[in-house]
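Remarks on the structure that follows.
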Amino acid sequence: MGLLTEQQLHNLAMNVVGKDLEDLGYEFLAVNSKKSKNPQFVATKAKKMVFVVVRAVTYPDNPVIYNEELLQKVSKHATSFEAKTFYAGVGIANSISYELPVDSEEDYVLNYSGLIEIK
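In my numbering, the protein residues as written are 1 to 119.
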């Protein structure tokens, strides 16, 4: 197997955030697993729509720090749908040593603080 690709890391992050959204009671209207297409999730709960941008973040980068310009662009688009915008960064690291790349043969640790609302 070997090292996880950017897309595999992104898919892992998508699974974490998708499960969180389900647990929070959201229903999915659209899911886009391509990192280059934003938002990754469009979901609804109690007739309120949300746009969620998902990023897999590898050590030493901080998963709660996001691209302000990108998120403002998505937020502006969401406003036309009366939707709120959230960022969901999922930190992923090799559990043996954070310095090592994430490998499919080894355990990994996740650092996910939940949805961060973009205002």
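Every residue gets a Cβ at the ideal spot worked out from N, C-alpha and C, and that includes glycine.
Quick caveat, the model's predicted, so the values are computed rather than measured.
- The shortest CA-to-CA distance from S33 to any of L21, N15, V50, K19 is the one to N15.
- With 16 or more other Cβ atoms from the protein chains shown falling within 10 Å of its own Cβ, P63 counts as buried.
- Secondary structure note for N111: its beta strand (DSSP E) is the uninterrupted segment 108-112.
- Contact between Y112 and N94 does not hold, since their C-beta atoms are separated by about 16 Å, which reaches or exceeds 8 Å.
- Just so you know, the alpha carbons of P60 and I92 end up roughly 10 Å apart.
- With fewer than 16 other beta carbons inside 10 angstroms of its own, G114 counts as exposed.
- In the DSSP assignment, G91 is bridged to V57, N111.
- In the DSSP assignment, K45 falls within the beta strand (DSSP E) that extends over 41-45.
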